[in-house]
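S.K.: Numbering (UniProt numbering), first residue to last: 1 to 307. I'd like to ask some things about the structure below.
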Amino acid sequence: MSDSPLISIVTPCYNDDQYIREAIESVRNQSYDNCEHIIVDGGSTDDTIDILDSFPEITYISEDDDGIYDAVNKGIEMASGSFVGWLNADDIYVDGAFESFLKAYRDSPSADIIVGNSDVFRDEDDEQVQLKEYRFTDPEKLSRGIIDHNSVALNGCLISADLIESIGLYDSTLDVAGDAEYLIRIASKMPDTVGVPDIVYRYRSHEESITFSDQEFGSVTKVGTEEMIEYLPRYFTDPSVPDQLRSHCRTKYRVRSAMLLRHHLFEMNTSGLVETMSEVLKTDKTWFYWAVTEAVPKSIFRKGMRR
Numbered sequence: 001m002s003d004s005p006l007i008s009i010v011t012p013c014y015n016d017d018q019y020i021r022e023a024i025e026s027v028r029n030q031s032y033d034n035c036e037h038i039i040v041d042g043g044s045t046d047d048t049i050d051i052l053d054s055f056p057e058i059t060y061i062s063e064d065d066d067g068i069y070d071a072v073n074k075g076i077e078m079a080s081g082s083f084v085g086w087l088n089a090d091d092i093y094v095d096g097a098f099e100s101f102l103k104a105y106r107d108s109p110s111a112d113i114i115v116g117n118s119d120v121f122r123d124e125d126d127e128q129v130q131l132k133e134y135r136f137t138d139p140e141k142l143s144r145g146i147i148d149h150n151s152v153a154l155n156g157c158l159i160s161a162d163l164i165e166s167i168g169l170y171d172s173t174l175d176v177a178g179d180a181e182y183l184i185r186i187a188s189k190m191p192d193t194v195g196v197p198d199i200v201y202r203y204r205s206h207e208e209s210i211t212f213s214d215q216e217f218g219s220v221t222k223v224g225t226e227e228m229i230e231y232l233p234r235y236f237t238d239p240s241v242p243d244q245l246r247s248h249c250r251t252k253y254r255v256r257s258a259m260l261l262r263h264h265l266f267e268m269n270t271s272g273l274v275e276t277m278s279e280v281l282k283t284d285k286t287w288f289y290w291a292v293t294e295a296v297p298k299s300i301f302r303k304g305m306r307r
């Protein structure tokens with residue numbers, strides 16, 4: 001592979017005229033210019049298409065799709081780069097991000113995935129106020145960072161075309177948790193991973209954001225949790241998945257199912273509570289023991305610390 005590989009950036013969008021220009025310019029302003037920007041629009045009815053037309057260097061299509069992951073899959077299939085990244089229409093790359101990726105690649109040319117640091121910000125009075133950081137520190141801890149979603153953020157990654165060919169496209173049947181599921185598939189391949197010490201990607205938090213709105217357990221979080229509970233057992237029951245990743249998937253399943261059960265309890269949704277508990281105990285026969293010996297004591301301890 002060339003030491004200056006082509007980078008393909010895929011951006012799904014739909015009625016994002018408020019943010020899409022800034023996203024495109026964050027790619028356009030990179031000092032590393034061997035890249036292509038592919039935008040998959042879902043048939044926007046606002047000014048998005050006019051904005052896209054003002055950037056002749058981008059490639060875009062505009063047509064109906066079956067959700068964000070279907071749109072990303074279309075973009076991946078159009079990509080011709082050696083590495084592929086995913087930029088949300090309301091997010092931005094940091095200036096110099098591609099140079100940081102490139103330096104990491106040149107130091108480790110066998111890398112299957114290059115993982116940079118990311119942060120979350122909110123627009124306040126013409127300023128971008130940082131809310132949170134995702135720091136990637138150790139390639140050997142990739143699977144834990146993926147499952148905990150506390151250090152590895154998919155949009156802060158470049159993934160090799162070879163690895164994508166190996167793991168396939170996103171699961172387009174998912175509405176919210178497809179990126180988390182995709183990262184699990186990546187980790188299951190135990191890829192050659194290199195980290196970038198810099199923040200390369202910025203997630204924008206706003207009310208319409210799928211992942212970073214201010215809702216603590218809103219409808220989007222509920223859907224994502226239900227999707228995780230559905231697919232995580234495939235991984236922690238599969239003996240071909242690395243042991244550490246299986247363990248992390250089981251832990252995440254237990255935590256997410258506990259979140260959903262608590263939500264049903266607070267909402268006084270008896271049928272949802274019974275149905276979820278029945279499915280959880282059928283899937284993970286030691287779940288109740290885990291809840292009593294680990295989850296509840298930790299919760300009590302945290303409440304005590306807050307007093």
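A virtual CB, placed ideally from N, CA and C, is assigned to each residue, including glycine. Computed from a predicted structure; not experimentally measured.
Quick one: is M190 buried, meaning 16 or more other Cβ sit within 10 Å of its Cβ, or exposed?
M.R.: As a working mapping, residue 190 is identified with position 190 in the sequence shown. Answer is exposed; the Cβ neighbour count stays below 16.
S.K.: Start and end of the alpha helix (DSSP H) containing N73?
M.R.: Mapped onto the sequence shown, residue 73 falls at position 73. N73 -> alpha helix (DSSP H) spans 68-78.
S.K.: Helix, strand or coil for Y19 per DSSP?
M.R.: To locate residue 19, count along the sequence shown from 1; it is residue 19. In this structure, Y19 counts as coil in the three-state DSSP scheme.
S.K.: In whole angstroms, what separates the C-alpha of D126 from that of V40?
M.R.: The count along the sequence shown starts at 1 and reaches residue 126 at position 126. The count along the sequence shown starts at 1 and reaches residue 40 at position 40. The alpha-carbon atoms of D126 and V40 are separated by roughly 28 Å.
S.K.: Note the first and the last residue of the continuous alpha helix (DSSP H) segment covering K103.
M.R.: In the sequence shown, residue 103 corresponds to position 103, counting from 1. Here the alpha helix (DSSP H) through K103 covers 97-107.
S.K.: Might you give, ordered along the chain, the residues of its own chain that have their beta carbon closer than 6 Å to the beta carbon of D3, omitting 5 neighbours on each side?
M.R.: Indexing the sequence shown from 1 puts residue 3 at position 3. Excluding sequence neighbours, D3 sits near R106.
S.K.: Just verifying my parser: in three-state terms, what is the DSSP assignment at E127?
M.R.: What you label residue 127 is simply residue 127 of the sequence shown in a count that begins at 1. It is a strand residue.
S.K.: Provide the residue span of the beta strand (DSSP E) that contains R202, from first to last.
M.R.: For the purposes of this step, residue 202 is identified with residue 202 of the sequence shown, where counting begins at 1. It spans 193-204 - the beta strand (DSSP E) in which R202 sits, taken as one unbroken run.
S.K.: With a CB to CB cut of under 7 Å and the five nearest residues on each side skipped, what residues in its chain are close to F266?
M.R.: Here residue 266 is taken as the residue at index 266 of the sequence shown, counted from 1. Excluding positions up to five away in sequence, the list is empty.
S.K.: Please confirm whether residue 328 and V129 have their CB atoms less than 8 Å apart.
M.R.: Residue 328 lies beyond the stretch modelled for the chain, which goes from 1 to 307, so this question has no answer here.
S.K.: Report the three-state DSSP secondary structure of L158 (helix, strand or coil).
M.R.: To locate residue 158, count along the sequence shown from 1; it is residue 158. Residue state, collapsed to three classes: strand.
S.K.: On the premise that A71 lies in contact with P12, defined as a C-beta separation below 8 Å, what is that separation, rounded to the nearest angstrom?
M.R.: Locating residue 12 in the sequence shown gives position 12, where the first residue counts as 1. Locating residue 71 in the sequence shown gives position 71, where the first residue counts as 1. Indeed they touch by this definition, with Cβ atoms about 4 Å apart.
S.K.: Tell me which same chain residues have a C-beta within less than 6 Å of the C-beta of S178, skipping the five on either side of it?
M.R.: Counting from 1 along the sequence shown, the entry for residue 178 is found at position 178. In the sequence as displayed, the identity of residue 178 is Gly instead of Ser. The residues are Y69, Y170, D171.
S.K.: Of all the options P56, G67, Y14, I58, which has the alpha carbon lying nearest to the alpha carbon of D46?
M.R.: Locating residue 46 in the sequence shown gives position 46, where the first residue counts as 1. It is Y14 whose Cα lies nearest to the Cα of D46.
S.K.: So who's on the other strand from N117, going by DSSP bridges?
M.R.: Along the sequence shown, one-based indexing puts residue 117 at 117. According to DSSP, which records beta bridges pairwise, N117 is partnered with I199.
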